[in-house]
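**Q** One structure, as structure tokens, below. Some questions next.
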Amino acid sequence: MSRAEFPASPAQDIDARRNFRGPTVGDGILTPELAEFCQSGVFVVLASAVPPNRPVLAQGLGVRVFMNGLVRVLVWRAAAAPVIDALTAGGGIAATFSRPRTHRSIQLKADSATVAVADAEDRAQALAQSRAFGDDLVSVGYLPEFAATYIRFVPDEVAAIDFLPTSAFAQTPGPGAGAAIKPA
Numbered sequence: 133m134s135r136a137e138f139p140a141s142p143a144q145d146i147d148a149r150r151n152f153r154g155p156t157v158g159d160g161i162l163t164p165e166l167a168e169f170c171q172s173g174v175f176v177v178l179a180s181a182v183p184p185n186r187p188v189l190a191q192g193l194g195v196r197v198f199m200n201g202l203v204r205v206l207v208w209r210a211a212a213a214p215v216i217d218a219l220t221a222g223g224g225i226a227a228t229f230s231r232p233r234t235h236r237s238i239q240l241k242a243d244s245a246t247v248a249v250a251d252a253e254d255r256a257q258a259l260a261q262s263r264a265f266g267d268d269l270v271s272v273g274y275l276p277e278f279a280a281t282y283i284r285f286v287p288d289e290v291a292a293i294d295f296l297p298t299s300a301f302a303q304t305p306g307p308g309a310g311a312a313i314k315p316a
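Residue numbering for the sequence shown follows this note's numbering, beginning at 133 and increasing consecutively.
Here it is in structure tokens:
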């Protein structure tokens with residue numbers, strides 16, 4: 133399914149982080165560029181686990197990264213119920229962010245997350261970022277009808293999942309995929 137004209141590589145994110153010398157977002161693990169990527173209308177998938185270590189997944193609708201480093205992933209509550217339940221029970225979280233056009237993908241992890249009520253700005257971001265993701269799907273050859281169905285959700289049923297990432301990984305396909313994204 134590779135339709136990327138100029139596919140990304142894991143080395144790009146690994147090297148960019150090693151060479152980054154500025155302040156990170158909230159003195160955490162995200163550079164401003166990684167935070168912007170996560171909020172740019174990419175595909176977002178969340179994972180957690182329920183006993184006995186069975187994975188549960190949910191699709192994210194959008195992301196907000198706050199100045200203190202907190203990452204807020206917006207989800208359609210009904211579709212994300214298994215992940216919300218796992219997180220409420222104390223499960224860890226992995227969030228993967230991927231751009232179909234280039235296959236660039238990163239993953240953030242944390243030992244815990246909280247579920248919050250989405251506000252008006254959250255709902256607006258979920259709508260805008262979902263539309264951007266749908267446009268990206270169309271740009272790589274998916275039918276507009278498929279993209280519209282894939283990104284459909286009920287705005288009044290958006291929930292927020294908040295976490296402070298403790299680690300980041302390059303997940304772009306290719307040599308180096310899975311490597312930690314960290315300073316030199």
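From the three backbone atoms N, C-alpha and C, an ideal C-beta is built for every residue, glycine too.
Specify the secondary structure class of Q257 as computed by DSSP and reduced to three states.
**A** For the purposes of this step, residue 257 is taken as the residue at position 125 of the sequence shown. In this structure, Q257 counts as helix in the three-state DSSP scheme.
**Q** Take F301 as the anchor and find which of S230, G273 and V182 has the nearest alpha-carbon.
**A** Reading the sequence shown from its first residue, position 169 is the one you call residue 301. Among S230, G273 and V182, the Cα nearest to that of F301 is on S230.
**Q** Quick one, are the C-beta atoms of V188 and A250 less than 7 Å apart?
**A** To locate residue 188, count along the sequence shown from 1; it is residue 56. To locate residue 250, count along the sequence shown from 1; it is residue 118. Contact: no.
**Q** Go ahead and pull the three-state DSSP assignment for V322.
**A** Examination of residue 322 is not possible in this model, given that the chain is present from 133 through 316 alone.
**Q** With a 10 Å radius around its C-beta and 16 neighbouring C-beta atoms as the bar for buried, classify G194 as buried or exposed.
**A** One-based indexing of the sequence shown puts residue 194 at position 62. Counting Cβ neighbours within 10 Å, G194 comes out buried, since at least 16 surround it.
**Q** Is D268 buried or exposed, if buried means 16 or more other CB atoms sit within 10 Å of its CB?
**A** On the sequence shown, position 136 is the one that residue 268 refers to. That one is buried.
**Q** Ends of the alpha helix (DSSP H) at P187?
**A** Taking the first residue of the sequence shown as 1, we reach residue 187 at position 55. Looking at the DSSP string, P187 is not in any alpha helix (DSSP H); the run it does join, the beta strand (DSSP E), is R186 to V197.
**Q** Tell me which same chain residues have a C-beta within less than 8 Å of the C-beta of N151, skipping the five on either side of it?
**A** Counting from 1 along the sequence shown, the entry for residue 151 is found at position 19. Same-chain partners within the cutoff: A316.
**Q** Provide the residue span of the beta strand (DSSP E) that contains I225, from first to last.
**A** Within the sequence shown, the letter at position 93 stands for residue 225. Residues I225 to S230.
**Q** Is Y274 helix, strand or coil when you go by DSSP?
**A** Your numbering for residue 274 matches position 142 in the sequence shown. Coil.
**Q** Which value, in whole angstroms, describes the spacing of the CA atoms of L166 and P232?
**A** In the sequence shown, residue 166 corresponds to position 34, counting from 1. In the sequence shown, residue 232 corresponds to position 100, counting from 1. Each residue's Cα considered, the two are about 16 Å apart.
**Q** When the Cα atoms are used, what is the spatial distance from G310 to A143?
**A** For this step, residue 310 is matched to residue 178 along the sequence shown. For this step, residue 143 is matched to residue 11 along the sequence shown. Each residue's Cα considered, the two are about 11 Å apart.
**Q** Restricting to Cα atoms, I'd like to know which of P164, L162 and V176 is closest to Q261.
**A** Within the sequence shown, the letter at position 129 stands for residue 261. Among P164, L162 and V176, the Cα nearest to that of Q261 is on V176.
**Q** Identify, in the order they occur along the chain, each residue of the same chain with its Cβ nearer than 6 Å to the Cβ of S134, setting aside the five sequence neighbours on each side.
**A** For the purposes of this step, residue 134 is taken as the residue at position 2 of the sequence shown. Its pLDDT being 45, under 50, S134 is placed unreliably in this model, and the coordinates cannot settle the point.
**Q** Check whether the Cβ atoms of A226 and A179 lie closer than 7 Å to each other.
**A** Locating residue 226 in the sequence shown gives position 94, where the first residue counts as 1. Locating residue 179 in the sequence shown gives position 47, where the first residue counts as 1. Contact: yes.
**Q** When the Cα atoms are used, what is the spatial distance from A280 to V272?
**A** Taking the sequence shown and counting its residues from 1, the one referred to as residue 280 is at position 148. Taking the sequence shown and counting its residues from 1, the one referred to as residue 272 is at position 140. Roughly 14 Å separates the two Cα atoms.
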